[in-house]
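In terms of our numbering, the sequence shown opens at residue 366 and continues consecutively.
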Amino acid sequence: MDRLEEKLLGCALKNHKGEISDAYIEEALRQLRILLNYMREKYPHARMEYSYFEPYVKTTEYGVLCGNLQGSGVIHKIIIRRVPQADVCRDDVYGELIQKEYDQKLSALLSAFVGPVKTFTVFFTLTSDEMNENNALQLALEHHPAYGRHIDVFVSEPFEVNDLLKFELAENGFWGAYTVYVIQEGWNGDADVSKRYEKAKELMHFRIDEKDYGFMEAS
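Have a look at this one:
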């Protein structure tokens with residue numbers, strides 16, 4: 366057992382409310398190693414810092430490992446769930462890894478319609494090993510399946526969300542729920558997110574849904 370495993374296993378034991386048996390410790394360590402290996406294989410170049418671990422037991426739906434990318438304050442949950450004859454892990458770390466490039470592409474498209482613009486996207490769909498650090502951006506932009514996301518849009522002037530803009534967003538894979546904010550005083554597109562919110566006035570909400578554009582098969 367290495368130091369990281371020892372630290373996280375200690376966290377699980379400290380927070381466990383039932384009897385701590387050898388069988389519990391063995392099972393917790395098994396799940397922890399599955400989670401850590403899953404993250405190493407899925408994101409080999411990411412530097413994660415882990416702070417919490419709790420394995421699943423008979424009375425819980427899933428186990429969870431919490432951590433953040435090095436230098437980031439965003440805490441991610443990596444879950445492990447028991448399915449028939451297997452364990453399945455899921456996470457949303459990919460969203461933070463692709464956020465900058467995704468927002469650059471989205472802002473470039475929007476700027477043709479609304480002028481100066483900055484976007485801030487949060488992905489919230491948990492994915493398994495079908496998505497990794499190499500294909501995450503491509504998959505996020507593909508028509509099917511859709512990975513859930515919310516986008517905050519910061520502009521200097523109000524604008525109309527017309528049919529052409531909606532079509533271009535859908536055609537290029539920029540699905541999701543949008544909230545538009547106007548910053549009419551002291552606009553600085555390069556300001557950090559917190560400063561943009563301080564001066565922002567919420568303008569409207571809209572949604573780009575695959576079903577509206579015929580890209581999603583009926584279930």
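In this text, a Cβ means the ideal position worked out from N, Cα and C, and glycines have one as well.
Exercise. CB L491 to CB R455, shorter than 9 Å?
Worked result: Locating residue 491 in the sequence shown gives position 126, counting from the first residue. Locating residue 455 in the sequence shown gives position 90, counting from the first residue. Yes, the pair counts as a contact, with Cβ atoms nearer than the cut-off.
Problem set entry | Unbroken stretches of the beta strand (DSSP E), 3 residues or longer, contained in the segment 404-455 | 413-419, 428-434, 441-448 and 451-455
For this session: Name the residue from K442, I516, I463 and V453 whose alpha carbon lies nearest to the alpha carbon of N497.
Result: Counting from 1 along the sequence shown, the entry for residue 497 is found at position 132. Answer by Cα proximity: I463.
For this session: Find the nearest neighbour of C572 within the set R514, E507, L474 and T484, judged by alpha-carbon distance.
Result: In the sequence shown, the residue the question calls residue 572 occupies position 207. According to the sequence as given, residue 572 is Arg; it is not Cys. For R572, the nearest C-alpha among the options comes from R514.
Problem set entry | Boundaries (first-last residue) of the beta strand (DSSP E) holding I463 | As a first step, residue 463 must be located in the sequence shown, where it is residue number 98. No beta strand (DSSP E) holds I463; the alpha helix (DSSP H) holding it covers V458 to V479.
Exercise. Does DSSP put F580 in a helix, a strand or coil?
Worked result: For the purposes of this step, residue 580 is taken as the residue at position 215 of the sequence shown. Residue placement at F580 is flagged as unreliable, the pLDDT there being 46, under the threshold of 50; a coordinate-derived value is accordingly withheld.
For this session: May I ask you to report which of helix, strand or coil DSSP gives L504?
Result: Against the sequence shown, residue 504 aligns to sequence position 139. Three-state DSSP puts L504 in a helix.
Exercise. Using 8 Å as the threshold, is the segment 517-525 in touch with the segment 462-481, meaning 3 or more CB pairs across them?
Worked result: yes
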